[in-house]
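Have a look at the structure below, then the notes.
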Amino acid sequence: MTTEKSLCIIKVLSLIVCLDISLTWNCRGAQAAIYRHTGLCRYNNELFEAGQTFFRGCDKCYCYSDGYVCFPPTTPTSWPKKCQRVLTACGFRVVYRDNPAVECRAYSRIW
């Protein structure tokens, strides 16, 4: 963690997310770019309420009463043998081999 003030948000994507003012992911030494905006939860002239989500390009954003925070797509690292990872415009999806239209849950993911 850096010496800058940090804000820890609990249960975003079922993880403890540490967010610091420098807008860099700093938990356990990982480095994944994130974005935090303070003020109204507004994007592309559309106003969102706290609890709503939206996409900013490929990044998924979460609205709060005082702004929003965005995270880049994750990359699946392991999945069931009956599934496969497929490339998409924003990263990867894990789908069933015998039915690629249906998503399969990955065991683990990284940023």
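All the letters of the sequence shown, read from the start, carry residue numbers -32 to -1, 1 to 79 under mature numbering (1 follows the signal peptide of the UniProt record, and there is no 0). Here a beta-carbon is modelled for each residue, glycine too, at the ideal position from N, C-alpha and C.
Item, Value
"Simplified DSSP state of E71, which is helix, strand or coil", "strand"
"Limits of the unbroken beta strand (DSSP E) element including S46", "43 to 46"
"Exposure of Y30, with buried meaning 16 or more beta-carbon neighbours within 10 Å", "buried"
"Through-space distance from D34 to V63, alpha-carbon basis", "36 Å"
"Beta-carbon separation (whole angstroms), C26 vs G59, contact threshold 8 Å", "7 Å"
"Beta-carbon proximity of Y32 to A18, cut-off 8 Å", "yes"
"Residues near H5 in its chain [Cβ-Cβ closer than 6 Å; skip 5 each side]", "G35, Y36"
"Alpha-carbon to alpha-carbon, A57 and A69", "16 Å"
"Residue range of the unbroken beta strand (DSSP E) whose run includes I78", "76 to 78"
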